[in-house]
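Report on the following structure.
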Amino acid sequence: MSELPPFSNSPVTVTVKFVNSSTENSNNNIYSLEFTNICYKLVTHVKFCVQLPNTAALEKYWNMNPVSGTDNKQFTLPDNVRLYPGQSFADAGITVTGGGGEPEVTIVDVKSVLSTDKMSKSSSCE
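Following this line, the structure appears as structure tokens:
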């Protein structure tokens, strides 16, 4: 799971984790990404970074947009994705070739607006 770095201006509002990873063949690993809004705000934009092990390469990605000038290392979720409080988006993913371990995904930036939807009592934010 990944949260915003301490230098970010955005409060921690979104987490990301790998779900349903599988092996396509001996050299390709498929990872589904699940982004979850953990705060009371409506999330309208998520930018994140994908770090691969040195011996791995990004073969394919889906339901995520590359950020220009980052050599497919930073991405955003599609423009139409809105994460309401407590809601998840798990339709993005990557296929990685090579080995060397699991990639890391880090949230870089989040844009959000106030929402009238309520979260469960188990979730909170500042």
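Under this note's numbering, the residues of the sequence shown are numbered 614 to 739, in order. Every residue, glycine too, gets a C-beta built ideally from N, C-alpha and C.
- The shortest CA-to-CA distance from Thr689 to any of Gly682, Val709, Lys660 is the one to Lys660.
- Secondary structure note for Cys652: it is in no beta strand (DSSP E), with a DSSP letter that is neither H nor E.
- Inter-residue distance for Ile707 and Val632 is about 11 angstroms (C-alpha atoms, whole angstroms).
- Annotation: the continuous beta strand (DSSP E) that includes Asp704 extends over 701-711.
- Around Asn642, the same chain offers Thr636, Val709 as residues with beta carbons nearer than 6 angstroms, after the five sequence neighbours per side are excluded.
- The C-beta separation of Asn676 from Ala705 comes to about 4 angstroms, placing the pair in contact by the 8 angstroms criterion.
- In the DSSP assignment, Tyr674 falls within the unbroken beta strand (DSSP E) covering 669-675.
- Less than 8 angstroms divides the Cβ of Gly714 from the Cβ of Pro666.
- Closest option to Pro698, judged by alpha-carbon separation, among Val629, Thr649, Asn640: Thr649.
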